[in-house]
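Here the sequence shown stands for residues 4 to 317, where the numbers follow the working numbering.
Heads up: the structure comes next, in structure tokens.
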Amino acid sequence: MDPITPASGNTETPIDATVVEAVAKVTAEVAVATAPAPVKTERKIKAEVLVVTSGKGGVGKTTTSASIACGLARQGKKVCVIDFDVGLRNLDLIMGCERRVVYDFVNVIHGECTLRQALIKDKRFDNLYVLAASQTRDKDALTKDGVEKVLADLSDDGFQFIVCDSPAGIEKGAFLAMYFADRAIVVVNPEVSSVRDSDRILGLLSSKTRRAEKGQKVREHLLLTRYSPARVEKGDMLSIKDVQEILGLEVVGVIPESPEVLQSSNSGEPVILSAESNAGQAYDDAVARLLGQKRELRFTSVEKKGFFAKLFGG
């Protein structure tokens, strides 16, 4: 019998075009999925980033941020102070610029305005600017990449100091406020609960910051607020030495308890600008120490009354 031969020369079944497209699509998806992730270039931040932080609220962080920023500007430094407390904006009130807020920190991060549009120039110092927090956004509106870009852009614009006013505790805003910090001012009231909560913040500064990831340290400073030597003498309040021994930090300032702090805050005038105020002078001393100047601690002991003051009840 003769062998059977095909009717035509080509015996292969033609492949459907849709199959070819499907295979190509899957191949492309696999290539994307298995490709190495692009390496993110870290922005260099030349400005000194200073975070003002604490473990609990109500200790005077925002008051401190405003006074430190004003003090640095008064020393001729170009300064921006940023409010990281999304939803609970207060820094603009203490700085006296609340009526001039048009855009905020979150607007900049989300590309809804430029950084220059959001910065508020202080009326007292030409070299001091405020970046307000958003009152209406969720705390998750801040992103690490967004914060990094803002800090780097400020640095590129010639700012020498960026003061980050942190929310209390360990929420996202507090983490982002400290993440890029070179130095930290830990604000503490001389009471056990405040000191204990601040110890947790020190743990984060030593483990959850960009400097920590590189094996470097954030330089930490202790600032005591609402300090009353009379109450310390009575045993109602921890002493400076007590707090130092517990936290192991160098003291950059001791701010005496004073009604002028609240009065200044309510008037939109940071207390450091009140030359007659003990608290204002203490903040000025703290700024000087931050800049490497030597100043003795003041307002840390009970003022002894003279003979005539005792005699006439002065």
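Quick reminder that beta carbons are idealized off the backbone N, C-alpha and C, glycines included.
All values reported here derive from a predicted model rather than from experimental measurement.
Per DSSP, the continuous alpha helix (DSSP H) segment holding Arg-203 begins and ends at 195-208.
For Arg-77, the enclosing alpha helix (DSSP H) covers residues 64-77. Taking 8 Å as the cut-off, the Cβ atoms of Gly-58 and Gly-176 do not count as close. Here Phe-164 is near Val-82, since their CB atoms are less than 8 Å apart. With fewer than 16 other beta carbons inside 10 angstroms of its own, Thr-44 counts as exposed. Thr-66 is positioned such that its CB atom lies no closer than 8 Å to that of Ser-209.
Assignment of beta-bridge partners to Ile-85 by DSSP yields Leu-134, Cys-167.
Here Ala-233 is exposed: its Cβ has fewer than 16 other Cβ atoms, across all protein chains shown, within 10 Å.
Arg-301 sits in coil when the DSSP states are folded into three classes, being neither helix nor strand. Segment contact: the stretch 270-279 against the stretch 184-204, fewer than three CB-CB distances shorter than 8 Å; contact not assigned. Apart from sequence neighbours up to five positions away, the residues of its chain that approach Arg-77 with a beta-carbon distance below 7 Å are Phe-128, ordered along the chain. In the DSSP assignment, the residues bridged to Thr-56 are Val-189. Here DSSP, grouped into helix, strand and coil, assigns Gly-176 to helix. Close CB contacts of Met-98 within its chain, under the 6 Å cut and outside five residues either way in sequence, are with Ala-69, Val-133 (chain order). Taking the C-beta atoms as reference points, Lys-47 is found no nearer than 8 Å to Ala-180. Shown here, Gly-256 sits in a strand according to DSSP, grouped into three states.
The beta carbon of Val-255 lies closer than 7 Å to those of Ile-188, His-224, Leu-225, Leu-226, Ala-289, Arg-292, Leu-293 in the same chain, with the five residues before and after it left out. Ile-123 has Val-133 as its beta-bridge partners, per DSSP. In the structure shown, Glu-101 falls within a helical segment according to DSSP collapsed to helix, strand and coil. The C-beta separation of Val-198 from Ile-249 comes to about 5 Å, placing the pair in contact by the 8 Å criterion.
Annotation for Glu-174: Lys-142 place their beta carbon closer than 7 Å to its own, counting only its chain and skipping 5 residues before and after. Glu-45 carries a coil assignment under DSSP once its states are collapsed to helix, strand and coil.
Fully enclosed alpha helix (DSSP H) runs of no fewer than 4 residues occupy 232-237, 243-250, 262-269 of the stretch 221-285, in order along the chain.
Around His-113, the same chain offers Ala-144, Gly-149 as residues with beta carbons nearer than 8 Å, after the five sequence neighbours per side are excluded.
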